[in-house]
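Numbering (this note's numbering), first residue to last: 3 to 451.
All C-beta atoms in this analysis are idealised placements derived from N, C-alpha and C, irrespective of residue type, glycine included.
Single-structure report; data block below.
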(Lines of atoms letter the chains of each structure in order from A and count residues from 1; the text may use other names and numbers.)
(Lines give C-alpha, C1' and ligand atoms only; values in the text may rest on other atoms or scores of the structure.)
Protein backbone atom coordinates (compact mmCIF):
# COMPACT_ATOMS: atom_id res chain seq x y z
CA UNK A 1 0.00 0.00 0.00
CA UNK A 2 1.39 3.39 -1.02
CA UNK A 3 1.93 5.99 1.67
CA UNK A 4 1.99 9.54 0.33
CA UNK A 5 2.85 12.71 2.24
CA UNK A 6 -0.19 14.60 3.47
CA UNK A 7 -1.64 17.31 1.29
CA UNK A 8 -2.92 20.69 2.40
CA UNK A 9 -6.58 21.02 3.36
CA UNK A 10 -8.69 21.58 0.27
CA UNK A 11 -9.56 25.10 1.37
CA UNK A 12 -5.85 26.04 1.54
CA UNK A 13 -4.87 24.68 -1.89
CA UNK A 14 -5.96 27.71 -3.99
CA UNK A 15 -3.94 30.01 -1.75
CA UNK A 16 -0.85 27.85 -2.06
CA UNK A 17 -1.08 27.71 -5.86
CA UNK A 18 -1.63 31.47 -6.05
CA UNK A 19 1.54 31.94 -4.01
CA UNK A 20 3.48 29.83 -6.50
CA UNK A 21 3.10 32.75 -8.90
CA UNK A 22 3.15 35.68 -6.48
CA UNK A 23 4.98 34.59 -3.31
CA UNK A 24 7.09 31.45 -3.73
CA UNK A 25 8.80 31.84 -0.36
CA UNK A 26 5.39 32.21 1.28
CA UNK A 27 4.23 29.03 -0.42
CA UNK A 28 7.24 27.10 0.86
CA UNK A 29 6.80 28.45 4.37
CA UNK A 30 3.11 27.54 4.35
CA UNK A 31 3.98 24.02 3.21
CA UNK A 32 6.66 23.71 5.91
CA UNK A 33 4.12 24.81 8.53
CA UNK A 34 1.80 21.98 7.47
CA UNK A 35 4.34 19.16 7.75
CA UNK A 36 7.95 18.12 7.07
CA UNK A 37 6.64 16.18 4.06
CA UNK A 38 3.85 17.63 1.92
CA UNK A 39 2.30 16.75 -1.44
CA UNK A 40 0.75 19.62 -3.41
CA UNK A 41 -1.18 19.11 -6.65
CA UNK A 42 -0.42 21.73 -9.32
CA UNK A 43 -2.50 20.86 -12.36
CA UNK A 44 -1.01 17.66 -13.80
CA UNK A 45 2.05 18.03 -11.56
CA UNK A 46 2.39 16.89 -7.98
CA UNK A 47 5.02 18.58 -5.86
CA UNK A 48 6.62 16.53 -3.08
CA UNK A 49 8.12 18.99 -0.58
CA UNK A 50 10.55 17.61 2.03
CA UNK A 51 11.81 19.68 4.95
CA UNK A 52 13.96 17.49 7.21
CA UNK A 53 17.74 17.00 7.14
CA UNK A 54 17.50 13.24 6.71
CA UNK A 55 14.99 13.64 3.87
CA UNK A 56 17.32 16.15 2.18
CA UNK A 57 20.26 13.78 2.62
CA UNK A 58 18.38 10.95 0.94
CA UNK A 59 17.29 12.99 -2.10
CA UNK A 60 20.51 14.99 -2.59
CA UNK A 61 23.15 12.45 -1.61
CA UNK A 62 22.14 8.90 -0.68
CA UNK A 63 19.99 8.34 -3.77
CA UNK A 64 21.12 11.30 -5.86
CA UNK A 65 21.33 9.18 -9.00
CA UNK A 66 17.55 8.84 -9.00
CA UNK A 67 16.97 12.60 -9.06
CA UNK A 68 17.62 14.92 -12.00
CA UNK A 69 17.32 18.71 -11.96
CA UNK A 70 13.71 19.78 -11.72
CA UNK A 71 11.14 22.54 -11.94
CA UNK A 72 12.61 25.99 -12.57
CA UNK A 73 15.96 24.66 -13.74
CA UNK A 74 14.31 22.63 -16.50
CA UNK A 75 12.76 25.86 -17.80
CA UNK A 76 16.15 27.62 -17.57
CA UNK A 77 17.54 25.36 -20.28
CA UNK A 78 16.12 27.76 -22.87
CA UNK A 79 19.24 29.84 -22.22
CA UNK A 80 21.54 27.70 -20.11
CA UNK A 81 21.15 24.68 -22.40
CA UNK A 82 23.35 21.84 -21.22
CA UNK A 83 25.66 23.83 -18.98
CA UNK A 84 26.90 22.44 -15.68
CA UNK A 85 23.86 23.70 -13.79
CA UNK A 86 21.29 21.88 -15.93
CA UNK A 87 23.05 18.99 -17.70
CA UNK A 88 22.65 15.39 -16.55
CA UNK A 89 24.28 11.98 -16.73
CA UNK A 90 27.61 11.40 -18.43
CA UNK A 91 27.65 14.89 -19.99
CA UNK A 92 27.39 16.48 -16.53
CA UNK A 93 30.06 14.16 -15.12
CA UNK A 94 32.44 15.01 -17.98
CA UNK A 95 31.84 18.74 -17.55
CA UNK A 96 32.37 18.52 -13.80
CA UNK A 97 35.59 16.52 -14.20
CA UNK A 98 36.87 19.03 -16.72
CA UNK A 99 36.40 22.17 -14.62
CA UNK A 100 37.03 20.62 -11.18
CA UNK A 101 40.80 21.30 -11.25
CA UNK A 102 40.13 25.02 -11.63
CA UNK A 103 38.34 24.93 -8.26
CA UNK A 104 40.86 22.89 -6.27
CA UNK A 105 41.59 24.45 -2.86
CA UNK A 106 45.23 25.12 -3.75
CA UNK A 107 44.34 26.95 -6.93
CA UNK A 108 41.60 28.97 -5.21
CA UNK A 109 44.04 29.90 -2.43
CA UNK A 110 46.43 31.15 -5.11
CA UNK A 111 43.67 33.51 -6.32
CA UNK A 112 43.40 35.22 -2.93
CA UNK A 113 45.47 38.17 -4.12
CA UNK A 114 43.13 38.83 -7.04
CA UNK A 115 40.06 38.53 -4.81
CA UNK A 116 41.59 40.91 -2.26
CA UNK A 117 42.50 43.46 -4.94
CA UNK A 118 38.98 43.42 -6.39
CA UNK A 119 37.57 43.76 -2.87
CA UNK A 120 39.80 46.75 -2.23
CA UNK A 121 38.64 48.31 -5.50
CA UNK A 122 35.05 47.99 -4.29
CA UNK A 123 35.88 49.63 -0.95
CA UNK A 124 37.64 52.51 -2.70
CA UNK A 125 34.74 52.96 -5.13
CA UNK A 126 32.29 53.12 -2.20
CA UNK A 127 34.59 55.43 -0.25
CA UNK A 128 34.63 57.91 -3.15
CA UNK A 129 30.83 57.96 -3.07
CA UNK A 130 30.54 58.59 0.68
CA UNK A 131 27.97 61.19 1.68
CA UNK A 132 24.22 61.58 1.92
CA UNK A 133 23.43 60.45 -1.62
CA UNK A 134 22.29 56.81 -1.63
CA UNK A 135 24.34 54.25 -3.54
CA UNK A 136 22.94 50.97 -4.84
CA UNK A 137 25.44 48.78 -3.04
CA UNK A 138 24.02 45.61 -4.59
CA UNK A 139 24.82 46.97 -8.06
CA UNK A 140 28.39 47.72 -7.03
CA UNK A 141 28.80 44.32 -5.39
CA UNK A 142 27.60 42.64 -8.58
CA UNK A 143 30.34 44.46 -10.44
CA UNK A 144 32.84 43.14 -7.92
CA UNK A 145 31.75 39.53 -8.35
CA UNK A 146 31.98 39.82 -12.14
CA UNK A 147 35.48 41.26 -11.75
CA UNK A 148 36.54 38.38 -9.52
CA UNK A 149 35.01 35.85 -11.91
CA UNK A 150 36.89 37.32 -14.86
CA UNK A 151 40.24 37.32 -13.09
CA UNK A 152 40.08 34.00 -11.24
CA UNK A 153 38.14 31.62 -13.50
CA UNK A 154 38.36 33.12 -16.97
CA UNK A 155 41.60 35.09 -17.34
CA UNK A 156 39.38 37.57 -19.15
CA UNK A 157 38.34 41.07 -18.01
CA UNK A 158 34.58 41.51 -17.81
CA UNK A 159 34.55 45.27 -17.15
CA UNK A 160 33.22 46.01 -20.63
CA UNK A 161 30.32 43.60 -20.24
CA UNK A 162 28.20 45.25 -17.56
CA UNK A 163 25.05 44.16 -19.38
CA UNK A 164 25.55 40.57 -18.24
CA UNK A 165 23.77 41.07 -14.92
CA UNK A 166 20.72 42.74 -16.54
CA UNK A 167 20.51 40.02 -19.18
CA UNK A 168 20.46 37.34 -16.51
CA UNK A 169 17.66 39.11 -14.66
CA UNK A 170 15.51 38.74 -17.78
CA UNK A 171 16.53 35.09 -18.13
CA UNK A 172 15.48 34.34 -14.56
CA UNK A 173 12.19 36.19 -14.98
CA UNK A 174 11.45 34.02 -18.01
CA UNK A 175 12.40 30.81 -16.18
CA UNK A 176 10.01 31.61 -13.33
CA UNK A 177 7.28 32.58 -15.83
CA UNK A 178 7.71 29.24 -17.61
CA UNK A 179 7.63 27.40 -14.29
CA UNK A 180 4.32 28.97 -13.27
CA UNK A 181 2.75 28.52 -16.72
CA UNK A 182 4.30 25.02 -17.01
CA UNK A 183 5.99 26.02 -20.26
CA UNK A 184 2.73 26.28 -22.18
CA UNK A 185 3.27 29.87 -23.41
CA UNK A 186 5.61 30.08 -26.46
CA UNK A 187 8.42 32.62 -26.24
CA UNK A 188 7.12 34.43 -29.35
CA UNK A 189 3.97 35.54 -27.52
CA UNK A 190 4.48 39.32 -27.05
CA UNK A 191 4.30 39.52 -23.25
CA UNK A 192 6.80 41.97 -21.74
CA UNK A 193 8.62 39.12 -19.98
CA UNK A 194 8.96 37.28 -23.29
CA UNK A 195 10.26 40.36 -25.13
CA UNK A 196 12.84 41.06 -22.43
CA UNK A 197 13.92 37.45 -22.56
CA UNK A 198 14.44 37.48 -26.33
CA UNK A 199 16.52 40.65 -26.09
CA UNK A 200 18.53 39.19 -23.22
CA UNK A 201 19.19 35.98 -25.12
CA UNK A 202 20.52 37.95 -28.09
CA UNK A 203 22.72 40.05 -25.79
CA UNK A 204 24.12 37.01 -24.01
CA UNK A 205 24.86 35.32 -27.33
CA UNK A 206 26.77 38.39 -28.48
CA UNK A 207 28.76 38.66 -25.26
CA UNK A 208 29.58 34.95 -25.16
CA UNK A 209 30.75 34.94 -28.77
CA UNK A 210 33.05 37.90 -28.10
CA UNK A 211 34.49 36.31 -24.96
CA UNK A 212 35.10 32.97 -26.67
CA UNK A 213 36.79 34.61 -29.66
CA UNK A 214 39.07 36.71 -27.44
CA UNK A 215 40.08 33.88 -25.10
CA UNK A 216 40.51 31.37 -27.92
CA UNK A 217 42.87 33.72 -29.75
CA UNK A 218 45.08 33.91 -26.66
CA UNK A 219 44.99 30.20 -25.86
CA UNK A 220 47.38 27.67 -27.35
CA UNK A 221 47.69 23.97 -26.63
CA UNK A 222 50.12 23.25 -23.82
CA UNK A 223 50.45 26.84 -22.57
CA UNK A 224 49.61 25.71 -19.04
CA UNK A 225 46.37 27.68 -18.71
CA UNK A 226 44.33 26.09 -15.93
CA UNK A 227 41.39 28.47 -15.52
CA UNK A 228 37.87 27.10 -15.99
CA UNK A 229 37.28 29.01 -19.25
CA UNK A 230 40.46 27.68 -20.85
CA UNK A 231 39.56 24.13 -19.86
CA UNK A 232 36.14 24.55 -21.47
CA UNK A 233 37.66 25.82 -24.72
CA UNK A 234 40.20 23.01 -24.89
CA UNK A 235 37.50 20.42 -24.22
CA UNK A 236 35.40 21.87 -27.04
CA UNK A 237 38.37 21.65 -29.44
CA UNK A 238 38.76 17.95 -28.65
CA UNK A 239 35.20 17.04 -29.66
CA UNK A 240 34.87 15.26 -32.98
CA UNK A 241 31.63 17.10 -33.68
CA UNK A 242 32.84 20.72 -33.91
CA UNK A 243 29.33 22.19 -34.01
CA UNK A 244 28.37 20.31 -30.84
CA UNK A 245 31.58 21.45 -29.20
CA UNK A 246 30.83 25.11 -30.00
CA UNK A 247 27.28 24.83 -28.70
CA UNK A 248 28.30 23.17 -25.44
CA UNK A 249 31.08 25.72 -24.95
CA UNK A 250 28.59 28.57 -25.30
CA UNK A 251 26.18 26.94 -22.87
CA UNK A 252 28.87 26.13 -20.32
CA UNK A 253 30.15 29.71 -20.46
CA UNK A 254 26.67 31.19 -19.98
CA UNK A 255 26.27 28.97 -16.91
CA UNK A 256 29.68 29.98 -15.56
CA UNK A 257 28.83 33.66 -16.00
CA UNK A 258 25.52 33.25 -14.17
CA UNK A 259 26.59 30.95 -11.35
CA UNK A 260 29.97 32.64 -10.99
CA UNK A 261 28.59 35.98 -9.89
CA UNK A 262 24.89 35.73 -9.02
CA UNK A 263 24.99 33.71 -5.80
CA UNK A 264 27.96 35.55 -4.29
CA UNK A 265 26.47 38.95 -5.12
CA UNK A 266 23.22 37.89 -3.41
CA UNK A 267 25.10 36.65 -0.34
CA UNK A 268 27.05 39.90 -0.04
CA UNK A 269 23.94 42.02 -0.41
CA UNK A 270 22.16 40.23 2.42
CA UNK A 271 25.28 40.20 4.59
CA UNK A 272 25.85 43.95 4.29
CA UNK A 273 22.17 44.61 4.94
CA UNK A 274 22.20 42.48 8.10
CA UNK A 275 25.34 44.20 9.39
CA UNK A 276 23.73 47.60 8.86
CA UNK A 277 20.70 46.41 10.83
CA UNK A 278 22.87 44.97 13.64
CA UNK A 279 25.63 47.49 14.39
CA UNK A 280 26.87 45.52 17.42
CA UNK A 281 27.69 42.62 15.07
CA UNK A 282 29.28 45.00 12.56
CA UNK A 283 31.48 46.40 15.34
CA UNK A 284 32.70 42.89 16.20
CA UNK A 285 33.51 42.25 12.53
CA UNK A 286 35.35 45.58 12.39
CA UNK A 287 37.34 44.76 15.51
CA UNK A 288 38.38 41.39 14.09
CA UNK A 289 39.27 42.87 10.69
CA UNK A 290 41.39 45.60 12.25
CA UNK A 291 43.20 43.04 14.34
CA UNK A 292 43.85 40.54 11.56
CA UNK A 293 44.37 43.11 8.81
CA UNK A 294 46.25 45.73 10.83
CA UNK A 295 47.80 48.68 9.08
CA UNK A 296 45.23 48.69 6.30
CA UNK A 297 46.76 45.70 4.54
CA UNK A 298 44.82 43.40 2.22
CA UNK A 299 43.93 39.84 3.23
CA UNK A 300 45.74 36.77 1.91
CA UNK A 301 44.78 33.11 1.87
CA UNK A 302 46.03 32.51 5.42
CA UNK A 303 43.86 35.33 6.75
CA UNK A 304 40.75 33.48 5.68
CA UNK A 305 41.31 31.07 8.58
CA UNK A 306 41.84 33.95 11.02
CA UNK A 307 38.69 35.88 10.14
CA UNK A 308 36.59 33.39 12.09
CA UNK A 309 33.84 35.68 13.33
CA UNK A 310 33.49 37.32 9.91
CA UNK A 311 33.07 33.84 8.42
CA UNK A 312 30.34 33.08 10.98
CA UNK A 313 28.54 36.29 9.98
CA UNK A 314 28.55 35.25 6.31
CA UNK A 315 27.38 31.75 7.23
CA UNK A 316 24.51 33.13 9.29
CA UNK A 317 23.52 35.46 6.44
CA UNK A 318 23.39 32.40 4.16
CA UNK A 319 21.29 30.56 6.71
CA UNK A 320 18.65 33.28 6.66
CA UNK A 321 19.02 34.04 2.96
CA UNK A 322 20.57 31.00 1.26
CA UNK A 323 21.78 31.92 -2.24
CA UNK A 324 20.46 28.58 -3.49
CA UNK A 325 17.04 28.88 -1.85
CA UNK A 326 15.49 25.78 -3.43
CA UNK A 327 16.81 22.50 -4.84
CA UNK A 328 14.29 21.12 -7.37
CA UNK A 329 14.52 17.54 -8.55
CA UNK A 330 12.55 15.09 -10.70
CA UNK A 331 12.44 11.45 -9.59
CA UNK A 332 13.60 9.17 -12.39
CA UNK A 333 12.21 6.07 -10.74
CA UNK A 334 9.98 5.34 -7.75
CA UNK A 335 11.54 5.93 -4.35
CA UNK A 336 10.72 6.04 -0.66
CA UNK A 337 11.72 9.10 1.36
CA UNK A 338 11.25 9.00 5.11
CA UNK A 339 8.58 6.34 4.83
CA UNK A 340 6.69 8.17 2.06
CA UNK A 341 6.35 6.86 -1.48
CA UNK A 342 7.56 9.08 -4.32
CA UNK A 343 6.47 7.97 -7.79
CA UNK A 344 8.62 8.21 -10.92
CA UNK A 345 8.47 11.61 -12.65
CA UNK A 346 7.36 13.34 -9.44
CA UNK A 347 8.67 16.86 -8.79
CA UNK A 348 10.58 16.86 -5.52
CA UNK A 349 11.58 20.04 -3.70
CA UNK A 350 14.13 20.50 -0.92
CA UNK A 351 14.07 24.10 0.29
CA UNK A 352 17.13 25.38 2.20
CA UNK A 353 15.21 28.58 2.97
CA UNK A 354 12.68 26.72 5.12
CA UNK A 355 15.10 24.03 6.31
CA UNK A 356 17.35 26.77 7.70
CA UNK A 357 14.37 28.12 9.64
CA UNK A 358 13.06 24.82 11.01
CA UNK A 359 12.18 25.44 14.68
CA UNK A 360 13.29 21.94 15.68
CA UNK A 361 16.77 22.60 14.28
CA UNK A 362 17.39 26.25 15.14
CA UNK A 363 16.62 28.19 18.33
CA UNK A 364 14.69 31.39 17.55
CA UNK A 365 15.27 30.74 13.84
CA UNK A 366 14.34 34.23 12.58
CA UNK A 367 16.99 35.91 14.75
CA UNK A 368 20.33 36.94 13.24
CA UNK A 369 22.90 35.19 15.44
CA UNK A 370 26.37 34.49 13.97
CA UNK A 371 27.26 32.57 17.13
CA UNK A 372 25.25 29.64 15.75
CA UNK A 373 28.33 28.85 13.66
CA UNK A 374 30.78 28.64 16.51
CA UNK A 375 32.53 25.29 16.02
CA UNK A 376 31.16 23.85 19.27
CA UNK A 377 27.56 24.50 18.24
CA UNK A 378 28.13 23.27 14.68
CA UNK A 379 29.45 19.95 16.00
CA UNK A 380 26.05 19.11 17.49
CA UNK A 381 24.03 19.96 14.39
CA UNK A 382 22.84 17.58 11.67
CA UNK A 383 25.10 17.92 8.63
CA UNK A 384 22.10 18.48 6.35
CA UNK A 385 20.42 21.10 8.53
CA UNK A 386 22.51 23.73 6.72
CA UNK A 387 22.96 23.41 2.95
CA UNK A 388 23.41 26.88 1.40
CA UNK A 389 25.50 25.45 -1.46
CA UNK A 390 23.39 22.36 -2.00
CA UNK A 391 24.68 18.90 -1.11
CA UNK A 392 25.71 15.58 -2.55
CA UNK A 393 27.40 15.10 -5.94
CA UNK A 394 26.00 18.42 -7.21
CA UNK A 395 27.36 20.46 -4.31
CA UNK A 396 28.36 23.89 -5.67
CA UNK A 397 31.80 23.56 -7.24
CA UNK A 398 32.54 27.24 -6.58
CA UNK A 399 31.71 27.32 -2.87
CA UNK A 400 35.30 27.93 -1.70
CA UNK A 401 35.79 30.87 -4.04
CA UNK A 402 32.39 32.30 -3.10
CA UNK A 403 33.18 32.11 0.61
CA UNK A 404 36.56 33.76 0.11
CA UNK A 405 34.94 36.65 -1.78
CA UNK A 406 32.19 37.11 0.79
CA UNK A 407 34.54 37.02 3.79
CA UNK A 408 37.15 39.34 2.26
CA UNK A 409 34.57 41.91 1.17
CA UNK A 410 32.72 41.79 4.49
CA UNK A 411 35.95 42.26 6.43
CA UNK A 412 37.29 45.14 4.30
CA UNK A 413 34.00 47.01 4.03
CA UNK A 414 33.39 46.70 7.79
CA UNK A 415 36.95 47.76 8.60
CA UNK A 416 36.87 50.94 6.53
CA UNK A 417 33.24 51.98 6.03
CA UNK A 418 29.88 52.44 7.72
CA UNK A 419 26.92 51.53 5.51
CA UNK A 420 23.42 52.61 6.48
CA UNK A 421 20.16 51.54 4.88
CA UNK A 422 18.16 54.42 3.41
CA UNK A 423 15.26 55.17 5.79
CA UNK A 424 12.03 53.65 4.58
CA UNK A 425 13.70 51.15 2.27
CA UNK A 426 12.27 47.66 2.66
CA UNK A 427 14.45 44.81 1.47
CA UNK A 428 12.33 42.14 -0.21
CA UNK A 429 13.67 38.67 -0.96
CA UNK A 430 12.99 37.68 -4.57
CA UNK A 431 13.26 33.91 -5.07
CA UNK A 432 14.57 33.45 -8.58
CA UNK A 433 17.38 31.05 -9.53
CA UNK A 434 19.15 32.60 -6.55
CA UNK A 435 17.61 34.51 -3.64
CA UNK A 436 17.92 38.02 -5.02
CA UNK A 437 17.10 41.32 -3.35
CA UNK A 438 14.32 43.04 -5.26
CA UNK A 439 14.99 46.64 -6.25
CA UNK A 440 18.62 46.77 -5.18
CA UNK A 441 20.10 47.96 -1.88
CA UNK A 442 20.29 51.76 -1.54
CA UNK A 443 22.64 52.72 1.28
CA UNK A 444 24.52 55.78 2.43
CA UNK A 445 28.25 55.48 3.04
CA UNK A 446 30.59 56.99 5.60
CA UNK A 447 34.31 56.39 5.87
CA UNK A 448 35.52 55.52 9.37
CA UNK A 449 38.93 56.17 10.94
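Taking residue 308 as the centre and dropping the five residues before and after it, the same chain places the C-beta of 294 closer than 7 Å to its C-beta, in chain order. Taking the Cα of residue 389 as reference, the smallest distance to any Cα among 381, 418, 358 is reached at 358. Closest in C-alpha terms to residue 137, from the list 276, 80, 124, comes 124. Between residue 315 and residue 354, the beta carbon gap of about 18 Å keeps them out of contact (Cβ cut-off 8 Å).
Under the criterion of beta carbons closer than 8 Å, residue 233 and residue 100 qualify as touching, at roughly 5 Å. Three or more beta-carbon pairs drawn from the stretch 260-273 and the stretch 129-149 are found closer than 8 Å, and the two stretches are therefore classed as touching. The Cβ-Cβ distance between residue 80 and residue 203 falls below 9 Å. The beta carbon of residue 72 sits closer than 7 Å to the beta carbons of 330, 331, 332, 349, 350 from its chain, once the five residues preceding and following it are set aside; these are given in chain order. Residue 34 sits buried, since 16 or more C-beta atoms from the chains shown fall within 10 Å of its C-beta. When C-beta atoms of the stretch 406-426 are compared with those of the stretch 119-135, three or more pairs fall below 8 Å, so the two segments count as touching.
In the assembly as shown, residue 301 is a buried residue. Its beta-carbon has 16 or more other beta-carbons within 10 Å. When rounded, the separation of the alpha-carbon atoms in residue 63 and residue 394 is 4 Å. Residue burial is scored here from C-beta neighbours: residue 289 has fewer than 16 other C-beta atoms within 10 angstroms and is therefore classed as exposed. Going by DSSP, residue 387 is part of no beta strand (DSSP E) at all; its letter is neither H nor E. If one requires a minimum length of 4 residues, the alpha helix (DSSP H) runs lying completely within the stretch 232-303 are 244-279, 281-294, in chain order. When the beta-carbon positions are compared, residue 420 and residue 450 come within less than 9 Å of each other. Residues of the same chain with a CB within less than 7 Å of the CB of residue 254, apart from the 5 flanking positions on each side, are 85, 86, 97, 234 in chain order.
Distance between residue 27 and residue 322, taken at the CA atoms: about 12 Å. Residue 335 and residue 367 have their alpha carbons spaced roughly 35 Å apart.
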